[in-house]
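**Student:** Residue numbers (my numbering), protein chains in the order written: chain A, 1 to 244; chain B, 1001 to 1111.
One structure follows; several queries about it will come next.
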C-alpha cells in the first residue's frame, strides 16, 4: 500500500473511531461519581477471605482463572522471544575481551542496593495479599534488581551468577504450580482455582488462603520470565556475533 | 470537565495509531503500539475513580476506588509488556535478515 493510501485509510478509520468513542463516552457514568457496583461486591468478598489488598484478592481469588490466562500469555511470549533471539546457524556467543570501566560510585551504590532491592522484591511478593503489590510487581523488582550485578559489576559476573537454565526451570515450575493449585481447588471444592487453603486471620502473613500461594508462584514465574527475556536481549546486544 | 479523562484515553489510542501509520522505524512503531495500548489504562482507571476515595486496601479511610478495574489494568500492563518484548525480538530478527528497520523498505516478498 502506498503511503498516500495508508493515510486515507487511517484518517477515515481514525475519524470513525473518534466519533464512535465520543458518542460512547457521553453515555458513560460520570467521572469520579459514586456508582461503582463492582467495588461494592468485590471489597466485602476480599475482606471475608482475609485479603486486605482487594486488587490481589481479585487477581488471585475472585478472577484467578483470568490471571492463569495472563501468566500463560507471559509464558508464551517469553518462549516466543527466546526462540526468536537464540543464536542462528552462522552466529556464536563470544564475550568481548575488554569490558568498559565502571565508576567507583556506581559500583558502591550498585552493590549496596543489590541486597536491598532483592529483599524489597521478596517483600512485595510475599505481602501481596496485605499491602499494594503482589507476584507480578515483586517479580519485576526481583528480576531487574538482579541486573544491578551488570550495572555495578560486569557482564561476565552477571553470566556467572545467573544461570539462565535455572530460571527457565523456575519459570515452568511457577506456571505449573498455578495450575496444580487450580486442580487442588477443583478436587477439594469442586471448582477450578477455588480458594481452599485456610483463610487465617485478617492481616497475618500466612492468611488469605491460596492468594498467598498463587502470589508466590506468579512471583517466581515473573522473576524468571523477565530474567530469561533480559538475558536473551543482553546476549543479542553484547555477546552474539556473526562468525564468517 | 467531567469527560476529560475519557477523552484523554481515546486520544492516546488514536495518537498511538497515528504514530504507527507515520512510522519510518520499527522500534518507533513498537513504542507507538505501547502508547495506543496505554489508552486502555487511562480509560479503565478513569471508570473506577471516585472523587475523594482512597486506594482499595483495608485500613484506608472512607470509600475506596473500584479495585476491579485496577486488577484489569494490572493484567493489561503485563500483556502490554510481554507484547512489547515479543515485538522487539521480531524487530531484531527483521533487522538481521533484511538489514533495515524501515517498514517502507520491507514491502517486497522474499523467498
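Glycine residues also receive a C-beta, built at the ideal position from the N, C-alpha and C atoms.
Going by DSSP in three states, residue 240(A) sits in which element: helix, strand or coil?
**Tutor:** Residue 240(A) falls in the strand class under three-state DSSP.
**Student:** Would you tell me roughly how many angstroms separate the C-alpha atoms of residue 36(A) and residue 1051(B), rounded to the nearest one?
**Tutor:** One C-alpha to the other measures close to 12 Å.
**Student:** Give the DSSP bridge partners of residue 92(A), in chain order.
**Tutor:** Note: residue 92(A) sits in a beta bridge opposite 241(A).
**Student:** In chain order, which continuous runs of the beta strand (DSSP E) of length 3 or greater are located wholly inside the stretch 59-117 of chain A?
**Tutor:** The stretch 59-117 of chain A contains these whole beta strand (DSSP E) runs: 91-93.
**Student:** Are at least three pairs of beta-carbons, each pair with one atom in the stretch 168-178 of chain A and one in the stretch 114-134 of chain A, less than 8 Å apart?
**Tutor:** Touching, no.
**Student:** Helix, strand or coil: which one does DSSP assign to residue 1062(B)?
**Tutor:** If DSSP states are grouped into helix, strand and coil, residue 1062(B) belongs with coil.
**Student:** Which residues of the stretch 1015-1044 of chain B have a Cβ closer than 8 Å to any Cβ of chain A? Give them in chain order.
**Tutor:** Against chain A - using a Cβ distance shorter than 8 Å - the residues of the stretch 1015-1044 of chain B are 1017, 1018 and 1021.
**Student:** Would you call the stretch 1016-1029 of chain B in contact with the stretch 110-117 of chain A, where contact means no fewer than 3 C-beta pairs closer than 8 Å?
**Tutor:** No, the stretch 1016-1029 of chain B is not in contact with the stretch 110-117 of chain A.
**Student:** Taking Cβ positions only, does residue 1099(B) come closer than 8 Å to chain A?
**Tutor:** Not one chain A Cβ lies under 8 Å of residue 1099(B).
**Student:** Starting from residue 1066(B), find everything on chain A with Cβ-Cβ shorter than 7 Å and list it in chain order.
**Tutor:** 36, 38 and 39, listed in chain order.
**Student:** Rounded to whole angstroms, what is the Cα-Cα separation between residue 214(A) and residue 1106(B)?
**Tutor:** Their backbone Cα atoms lie some 44 Å apart in a straight line.
**Student:** Which residues, in chain order, does the stretch 66-86 of chain A contribute to contact with chain B at a C-beta distance below 7 Å?
**Tutor:** Answer set for the stretch 66-86 of chain A: 66, 70, 73, 74, 77, 80, 81, 84 and 85.
**Student:** Counting Cβ pairs, one atom from each stretch, are 3 or more of them under 8 Å apart for the stretch 1077-1084 of chain B and the stretch 48-63 of chain A?
**Tutor:** These segments do not touch.
**Student:** Should the stretch 235-244 of chain A be regarded as contacting the stretch 91-109 of chain A, the criterion being three or more beta carbon pairs within less than 8 Å?
**Tutor:** Verdict: yes, contact present.
**Student:** Can you find the residues in the same chain that come closer than 8 Å, C-beta to C-beta, to residue 1030(B), ignoring five residues on each side of it along the sequence?
**Tutor:** Cβ neighbours of residue 1030(B) beyond the five flanking positions: 1084, 1087, 1088 and 1091.
**Student:** Is residue 1003(B) near residue 25(A), with beta carbons less than 8 Å apart?
**Tutor:** Contact: yes.
**Student:** Judging by CA-CA distance, which residue of 1040(B), 1005(B) and 1015(B) is the nearest neighbour of residue 1028(B)?
**Tutor:** Ranking 1040(B), 1005(B) and 1015(B) by Cα distance to residue 1028(B) puts 1015(B) first.
**Student:** Pairs of beta-carbons, one from the stretch 220-240 of chain A and one from the stretch 64-82 of chain A, closer than 8 Å: are there three or more?
**Tutor:** The stretch 220-240 of chain A is in contact with the stretch 64-82 of chain A.
**Student:** Counting only C-beta atoms, is residue 1086(B) closer than 8 Å to chain A at any point?
**Tutor:** It does; some Cβ of chain A falls within 8 Å.
**Student:** Mind checking whether residue 142(A) and residue 121(A) have CB atoms under 8 Å apart?
**Tutor:** Yes, Cβ-Cβ distance for residue 142(A) and residue 121(A) is below 8 Å.
**Student:** Please confirm whether residue 218(A) and residue 139(A) have their CB atoms less than 8 Å apart.
**Tutor:** Cβ distance < 8 Å, so residue 218(A) and residue 139(A) count as in contact.
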